[in-house]
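Taking it in order: structure first as structure tokens, then the write-up.
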Amino acid sequence: MAESPSPWARVEPGTRIKEGAPAIQRPSKEQIAAFPQEASDLIDGSWSAQKALIDGGSYDLSWLDGQHLVIVGGTGKGLGGAASIAALHHLDRLGSLTVVGRDMKRSMEFEFGTALQNRASDHADKFHWLNDGISVEGDGFDAIVELLKTKGVKDAIYINGVAAASSGLLPGLPPVYVKDINDQGTYVWQLTELPERAIEATRSFMGTLTIQFPDALEAAGVSVEVAAYADWRGSLDRGSRDPASPTFGRWGSYSTSLYLPKDIIQDATRKAYAERRKWIDVFFPTMRTRALPFIPGGMVMADVYDNILGRSGVDRVDIPELGVGMLHQIGLRLHDKDDNPFPRLDAYEAPFDEWIYEVLNLINDDEGSKFYWREWVG
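What follows is the structure in structure tokens.
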């Protein structure tokens, strides 16, 4: 294969290189012991921020009255968890809230689900937490349908916040190098080729299954009034997937593998829009979710965005508010107040993309340089 003209496909001599992607670390005993309090603090802190925004009229959640919400991937500090927190505090108004996760028992996310369940005790008949993950058949799916039908649910709102994908290269692609930083300074991740099973799992769990789920619910007798998905604009940059392009690899893993499930969701949303079904694929800014540390260079990208936004006098919108924003968008779509199938909640961040490409490309270890890493990170 000819050499790519992209700077993200080359590396300077002497650069420190790590291959692959950050490994998932097992939590320590101390971390495990702290998970319940961490989950409780996350719920309290998020709701404090959300309540102020709702009370101040920034977002309208009045549409929640009597609605039945199914939030898949609804545990933890990501978007799904933020939506679950806001919904939990409206249980008195909701018809029901079903939160679906797939978390290890020794994890903060599992303790998050436990905390939601405990806090829902005053409305226990309206709240359900399942930990079998997303499926469209079998016992796990049947349990969701049975719960909904037991409550007499005929129409539901489906929110998908699933994050389960692998960072790497598809077969035949040239190397892609992603800038990262540790206590020794800058280095790069060299993305490596993914095995076929990882590619298929990336397509399936975040893509195929998530779009099949509302259809499966409807086939089982539960209509889906609105289906809502979360996206990131790196998945739209098709030029960055082409090795012949000078922008190849500039979104890191989103240029090489993480776009795979997003393509599936976007195509399904376009089809739903043509069929006048109420599906939305909402684009969010860079978020410090539980998945971000496992994406090569993900945390550094978030740090540099924060720096650039600060230099520009632009406030970042944090995850608790984005969760409320997601619910607000669903309400607009439900009541035909916004026909856009691809709402953008990242509009404040997207104008700085060209700047961040340059900074991430130029950031270095030279203390005399304008692009010395400590000037942009931390």
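Everything in the sequence shown is counted per the working numbering, starting at 1024 for the first residue and increasing by one. Using N, Cα and C, we set each Cβ at its ideal position, and we do this for glycine too.
In the DSSP assignment, D1203 is bridged to Y1210.
Counting only the Cα atoms, A1138 lies some 34 Å from N1330. Secondary structure remark: continuous alpha helix (DSSP H) runs of at least 4 residues inside the segment 1307 to 1349, in chain order: 1321 to 1334.
CA-CA distance, Y1328 to E1298, rounds to 37 Å.
Taking all protein chains in view, the Cβ of D1148 is surrounded by fewer than 16 other Cβ atoms within 10 Å, so the residue is classified as exposed. Going by DSSP, A1251 is part of no alpha helix (DSSP H) but of the beta strand (DSSP E) stretching over 1246 to 1254.
Secondary structure note for F1150: its beta strand (DSSP E) is the uninterrupted segment 1150 to 1153.
Non-local beta-carbon contacts of Y1252 in its own chain, meaning distances under 6 Å to residues more than five positions away in sequence, involve N1183, I1288, D1304 in chain order.
In the three-state DSSP reduction, H1351 falls in the helix class (H, G or I). E1042: member of the beta strand (DSSP E) spanning 1040 to 1042, first to last residue. Secondary structure of Y1395 (DSSP, three-state): strand. With respect to the C-alpha of R1220, the residue from A1242, L1193, P1197, Q1235 having the closest C-alpha is L1193. When the beta-carbon positions are compared, G1103 and I1094 come within less than 7 Å of each other. DSSP places W1274 in the coil class of the three-state scheme, outside both helix and strand.
With respect to the C-alpha of Y1282, the residue from W1212, S1189, R1313 having the closest C-alpha is S1189. By the C-beta density criterion, E1344 is buried, having at least 16 other C-beta atoms within 10 angstroms. If only complete runs of 3 or more residues are kept, the segment 1100 to 1167 shows the beta strand (DSSP E) at 1119 to 1123, 1150 to 1153, in order along the chain. For L1092, the uninterrupted beta strand (DSSP E) run begins and ends at 1091 to 1095, by DSSP. Comparing alpha-carbon positions, the option among V1122, D1254, Y1371 lying closest to K1285 turns out to be D1254. Here A1105 has S1069, I1342, P1343, L1345, G1346 as same chain residues with Cβ atoms under 7 Å from its own Cβ, once five neighbours each way along the sequence are excluded. Residue range 1232 to 1242 is occupied by the alpha helix (DSSP H) that includes I1234. In the three-state reduction of the DSSP assignment, D1388 falls in the coil class, being assigned neither a helical nor a strand state.
Taking 7 Å as the cut-off, the Cβ atoms of V1337 and G1275 do not count as close. Distance from F1271 to W1031 at the Cβ level is roughly 6 Å; contact confirmed, criterion being Cβ atoms closer than 8 Å.
Beta-bridge pairing by DSSP links L1192 to E1216.
Contact between P1308 and E1372 holds, with the beta-carbon distance rounding to 4 Å and staying under 8 Å. V1340 is the residue among L1383, I1353, V1340 whose C-alpha sits nearest the C-alpha of M1310. Counting the other Cβ atoms within 10 Å of the Cβ of H1151 gives 16 or more, which makes it buried. Looking from the CA of S1246, the closest CA among I1222, A1179, T1209, F1236 belongs to A1179. 7 Å or more divides the Cβ of G1320 from the Cβ of D1206. W1302 is bridged by DSSP to A1250. In the DSSP assignment, D1286 falls within the alpha helix (DSSP H) that extends over 1282 to 1297.
In this structure, the alpha-carbon of Y1181 lies about 26 Å from that of I1318. Here the C-alpha atom of D1265 lies approximately 10 Å from the C-alpha atom of P1197. Taking each of G1333, S1051, I1379, Q1213 in turn and checking the Cα distance to E1035, the smallest one comes out for Q1213. Between the alpha carbons of V1400 and R1273 lies a distance of about 19 Å.
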